[in-house]
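Numbered by the working numbering, the letters in the sequence shown go through residues 1 to 481 in order. Input: a single structure, listed below in structure tokens.
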Amino acid sequence: EAIEEAKINREKGQKTILFIDEVHRFNKAQQDALLPHVESGILTLIGATTENPYFEVNKALVSRSRIFQLNPLNDDDIKEVILSCIQDKERGYGDLNVKISEEAVSHIVRVANGDARSALNALQLAVETTPKNKDEIIEIGLTEAEESIQSRAVLYDKDGDSHYDTISAFIKSIRGSDPDASLYWMAKMLYAGEDPRFILRRLIILAAEDVGLADPNALNVVISAARAYDYVGMPEGQFHLSQACLYLATAPKSNSTMAFFDAIEMVKKERDSDVPNHLKDGNRDKNDFGHGKGYIYPHAYREHWVDQQYLPTSLQGKMFYDPSEMGYEKSIKENVIKNRELQLASSQEAWQDNFINSDEAPGLKNNWLNRAIGQTPEILREVRQEIFNLAQVNRETLLLDLTGGTGFLTWEAIRRCFAGGVWTRSDTQAQAQAMLEWCKHIALLNRPELFVSSIDDLDNYFSALEEKPLFDVIIGLDILN
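This is how it looks when you write it as structure tokens:
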């Protein structure tokens, strides 16, 4: 009917405005039916909605519209609405003799919180429940106003923008370690009737995503709070919500668990990722296929760790987990990094390619090194320690590592010579690229200067540099073999 009326008006040279309140309640077919008439200009459509139109209104209709966001009214606006209602004879109480005190107006304005409907409902209740005095005047004071609206209105819809915006502010406040803002946003959600279990579920996620291994106990605290809430319910359960919120807001932060998604991406890309033979289940196929052969039992070694390949061969040396410098994670970072360095350095293939040519260096010394590499990483630690003891480096030392293919000496040099700097030589571009990948986990100012050159061509390499470094110490392992 509205469309037909609009067509008639158009023939008369008149324009038609069609206003649809709560337009999001129209289904897709109904919204689509409006499109041709909006496009042809038969009518001008104005749709009002309390939902986000980008989610609740058809994209085709949104793309042909201009979106205006109406913000909550300020205090002066609400006051004007109240006074206009009292004075308006057609749509208000202008026919009645109503007087309202400043204190009553201020109370309604404050509690309405920008919601004109709440203010008008409160005024209506106050006017219609307050008897006239002897002078036939309806006097509304602070007492009458307080009785008409007692709780502050909170603009919060549990399925709309306010819901998502408020939980977003809550999560970001905890992530930003602001306990005051965290409590405020949580209080707003609970006051507006949000399900406490929804908040607890988000806290459980945050404990692993944003606190993580910086404080592994955070997850236990939140899980315990969730269980306690299930036991006691509301209102006492607010204490457990508050405790979980404050614990997470004040805990050290780390998002290193995001490393899992890097691993997922690698799984999607990597085709040759067969389980290394020594890691396969030897209980079923050990005799026929040798599955599990060569596996080294870590608990039989000092510190319950032994160098062993755990990633597929094609991913050897790949890093996903980057421990942060926060909380508990800081205490394990050095050990994680040093174990990685030993794994890479003591790999038979990497060691032989980068440090030793077995054909050119046969004999007892080479055999000893191979045993050290393959079986006892503790000896590698001792070898590296002895090299740096002999070199007598300090924080100001400018150091050149001639055997930087695996970073076995480079990473320790960076830790010791962080002010002076480290230069690292690689034999091949592939080695240098692998080193560069590892350097991504090192602070930018501490990263080594990487270059590719053979031992025999070092003079030519440095001669070509405009600024030639003067090294305090030059180190290497088996560079003369």
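All C-beta atoms, glycine included, are put in the ideal place defined by N, C-alpha and C.
- Message: Cutting at 8 Å between CB atoms, please list the residues of its own chain near Cys-137, excluding the five before and the five after it.
- Response: For the record, residue 137 in the displayed sequence is Ile; it is not Cys. Same-chain partners within the cutoff: Asn-97, Val-98, Lys-99.
- Message: Which complete beta strand (DSSP E) runs does the stretch 19-56 hold, if anything under 3 residues is left out?
- Response: 44-48
- Just reading off the alpha helix (DSSP H) that Val-222 is part of, what are its end residues? 217-232
- Arg-425 and Ser-453: beta carbons closer than 7 Å? yes
- Query: Since Phe-451 and Tyr-461 are thought to touch, with beta carbons under 8 Å apart, how far apart are those beta carbons, to the nearest angstrom?
  - Reply: 7 Å
- Item | Pairwise C-alpha distance: Gly-292 and Val-383 | 30 Å
- Inter-residue Cα distance where the pair is Tyr-229 and His-240: 6 Å
- Would you report the Cα separation of Gly-556 and Ile-108, rounded to the nearest angstrom? Beyond the ends of the chain as shown, which are 1 and 481, falls residue 556; an answer cannot be given.
- Could you tell me the distance, in whole angstroms, from the CA atom of Ser-463 to the CA atom of Leu-400? 15 Å
- Item | Trp-438 (DSSP reduced to helix, strand or coil) | helix
- Query: Does the stretch 79-95 touch the stretch 50-67, meaning 3 or more C-beta pairs lie closer than 8 Å?
  - Reply: no
- Using alpha carbons as the reference points, say which of Asp-21, Glu-1, Ala-60 lies closest to Lys-28. Ala-60
- Message: In whole angstroms, give me the CA-to-CA distance for Leu-123 and Ile-174.
- Response: 39 Å
- Query: Apart from the five residues just before and just after Trp-185, which ones in its own chain have a Cβ nearer than 7 Å to its Cβ?
  - Reply: Thr-166, Ala-169, Phe-170, Ser-173
- What separation, rounded to the nearest whole angstrom, lies between the Cα atoms of Tyr-321 and Ser-273? 19 Å
- Message: Quick check on the DSSP output: what are the complete alpha helix (DSSP H) runs of length 4 or more inside the stretch 382-457, in order along the chain?
- Response: 410-416, 429-439
- Message: I need the straight-line Cα distance from Glu-102 to Lys-253, nearest angstrom please.
- Response: 49 Å
- Item | Own chain, CB closer than 6 Å to Ser-148, minus 5 neighbours either side, in chain order | Ala-122, Leu-125, Ala-126
- Message: Tell me which residues share the same chain as Gln-375 and place their Cβ nearer than 7 Å to its Cβ, disregarding the 5 neighbours each side in the sequence.
- Response: The pLDDT assigned to Gln-375 is 49, lower than 50, so where the model puts this residue is not dependable; a value taken from the coordinates is nonetheless given after this. Cβ within range, chain order: n/a, list empty.
- Message: Looking at Ala-419: is its Cβ nearer than 7 Å to the Cβ of Arg-381?
- Response: no
- Query: Ordered along the chain, which non-local residues of its own chain (more than five positions away) have a Cβ less than 7 Å from that of Thr-143?
  - Reply: none
- Message: Give me the residue from Ala-214, Asn-217, Ser-224, Val-211 with the minimum Cα distance to Ala-200.
- Response: The amino acid occupying residue 200 in the given sequence is Leu; Ala does not appear at that position. Of the candidates Ala-214, Asn-217, Ser-224, Val-211, the one whose C-alpha sits nearest the C-alpha of Leu-200 is Ser-224.
- Task: Quick one: residues in its chain with C-beta nearer than 6 Å to the C-beta of His-441, no 5 flanking neighbours on either side, listed in chain order?
- Result: Asp-322
- Can you tell me the Cα-Cα spacing of Ala-218 and Asp-180, whole angstroms? 19 Å
- Under three-state DSSP, which class holds Ile-137? coil
- Task: Would you list the one or two residues that DSSP bridges to Lys-99?
- Result: Glu-139
- Query: Going by DSSP, which residues form a beta bridge with Ile-17?
  - Reply: Thr-44
- Task: Decide if Pro-131 is buried, meaning its Cβ has at least 16 other Cβ atoms within 10 Å, or exposed.
- Result: exposed
- Would you mind stating whether Ala-116 and Ser-177 have Cβ atoms separated by less than 7 Å? no
- Query: Does the Cβ of Val-473 have 16 or more other Cβ atoms within 10 Å, making it buried, or fewer, making it exposed?
  - Reply: buried
- Just how far apart, CA to CA, sit Trp-423 and Leu-409? 11 Å
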